[in-house]
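Residue numbers (the numbering used here), protein chains in the order written: chain A, 363 to 476; chain B, 13 to 126.
A virtual CB, placed ideally from N, CA and C, is assigned to each residue, including glycine.
From a predicted model like this one, the values you see are computed outputs, not experimental measurements.
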Amino acid sequence: AQSVTQLDSQVPVFEEAPVELRCNYSSSVSVYLFWYVQYPNQGLQLLLKYLSGSTLVKGINGFEAEFNKSQTSFHLRKPSVHISDTAEYFCAVTSKAAGNKLTFGGGTRVLVKP
Amino acid sequence: GAGVSQSPSNKVTEKGKDVELRCDPISGHTALYWYRQSLGQGLEFLIYFQGNSAPDKSGLPSDRFSAERTGGSVSTLTIQRTQQEDSAVYLCASSPRQGIDEQFFGPGTRLTVL
């Protein structure tokens with residue numbers, strides 16, 4: 363079985379400040395990792411994904427994440443946030459054994475303040 | 013191009029009634045997923061269709077839930093004898109091929125059971 367823990371349920375941050383959203387996973391097999399963003403009253407949109415290769419992954423809107431196998435983490439970062447980054451962010455994991463079914467973390471709500 | 017569409021966007025029903033939720037995946041996508049997003053349970057997997065293979069129903073919470081996918085395209089999620097705990101946002105996603113890949117999400121159907 364696999365699981366995902368997002369340690370922060372809410373993260374308030376000032377505009378133009380950096381933000382880091384933490385994600386830790388648990389799995390007995392090799393994993394593939396995703397970050398999705400959900401804007402109010404919308405579906406999920408992919409920010410970035412780690413499938414293989416470089417452990418530093420760059421995504422859309424200036425976000426990046428680093429896969430750390432030894433720490434079983436996939437933290438999301440952005441060096442300077444905008445008001446428009448206010449949304450809920452979900453970390454998700456899957457594996458070949460899971461057949462691409464995603465297991466999601468509980469989500470982190472980011473509120474960017476002016 | 014057109015994304016994943018879902019209908020209706022909102023559905024209010026009375027306890028005990030049956031409901032049908034529809035998902036139109038991206039044209040040509042062979043994999044289709046249903047997830048449920050609720051306050052108490054977060055985002056959870058329900059069912060997965062891949063091509064002509066038998067669906068993976070391992071996430072369905074009870075036998076009141078069923079889904080079908082006709083002609084390898086449109087999918088319908090049916091909930092019989094709805095209960096208040098079925099109130100949630102039901103999200104559909106599709107993926108272009110078998111195996112590990114990005115899932116493209118629809119906007120969801122918000123179901124409220126009175």
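Beta-carbon contacts of residue i that lie in its chain and below 6 Å, excluding the five residues immediately before and after
i: K420/A; result: E426
i: Y394/A; result: L413, T456
i: G424/A; result: K440
i: F57/B; result: Y47, G71
i: C369/A; result: Per the sequence shown, residue 369/A should be read as Leu rather than Cys. If we look at L369/A and ignore the five residues flanking it on each side, its Cβ neighbours are R384.
i: L33/B; result: L89, Y102, T121
Residue i at chain B interface by Cβ criterion, 9 Å
i: Y398/A; result: yes
i: L418/A; result: no
i: N386/A; result: no
i: K440/A; result: no
i: L464/A; result: yes
i: Y451/A; result: no
i: K475/A; result: no
i: T456/A; result: yes
Contact with chain A by residue i, beta-carbon distance below 9 Å
i: E5/B; result: With chain B covering 13 to 126 only, the question about residue 5/B has no answer from this structure.
i: A134/B; result: With chain B covering only 13 through 126, there is no way to say anything about residue 134/B.
i: G75/B; result: In the sequence under discussion, the amino acid at residue 75/B is Asp, which differs from the Gly named in the question. Chain A, which has no Cβ nearer than 9 Å to the Cβ of D75/B, makes this no.
i: E56/B; result: yes
i: F117/B; result: yes
i: V125/B; result: no
i: G63/B; result: no
i: D36/B; result: no
i: D98/B; result: no
i: G28/B; result: no
i: V16/B; result: yes
i: G40/B; result: no
i: G71/B; result: yes
Cβ distance (whole Å) where residue i is taken to contact residue j below 8 Å
i: C35/B; j: S87/B; result: 5 Å
i: A454/A; j: V366/A; result: 7 Å
i: Q53/B; j: R76/B; result: Rounded, the Cβ-Cβ distance is 16 Å, inconsistent with contact.
i: D30/B; j: T90/B; result: 7 Å
i: Q62/B; j: Q110/B; result: 6 Å
i: V443/A; j: A363/A; result: That pair is no contact at about 34 Å.
Spatial neighbours of residue i in its chain, beta-carbon cut-off 7 Å, leaving aside the 5 residues before and after
i: T448/A; result: V472, L473, V474
i: Q96/B; result: K27, V125
i: P402/A; result: none
Neighbourhood of residue i by C-beta distance below 8 Å, restricted to the same chain and skipping five residues each side
i: V373/A; result: V381, L383, T470, R471, V472, L473
i: P476/A; result: F376, E377, I445
Minimum Cβ-Cβ distance from residue i to chain C less than 9 Å
i: Q404/A; result: The structure shown contains no chain C; its protein chains are A and B.
Can you find at least 3 beta carbon pairs, one from the segment 385-399 of chain A and one from the segment 458-468 of chain A, that sit closer than 8 Å? yes
Does the structure place the segment 33-41 of chain B close enough to the segment 96-114 of chain B that three or more beta carbon pairs sit under 8 Å? yes
Check each residue of the segment 101-115 of chain B: if its Cβ is closer than 7 Å to any Cβ of chain A, include it; give the result in chain order. L103, S107, G111, I112, D113, E114, Q115
Listed from N- to C-terminal order along the chain, which residues in the segment 407-436 of chain A have their beta-carbon within a distance smaller than 9 Å of any beta-carbon of chain B? Q407, L408, K411, L413
Looking at C-beta atoms only, is the number of pairs between the segment 17-33 of chain B and the segment 112-120 of chain B that lie closer than 8 Å three or more? yes
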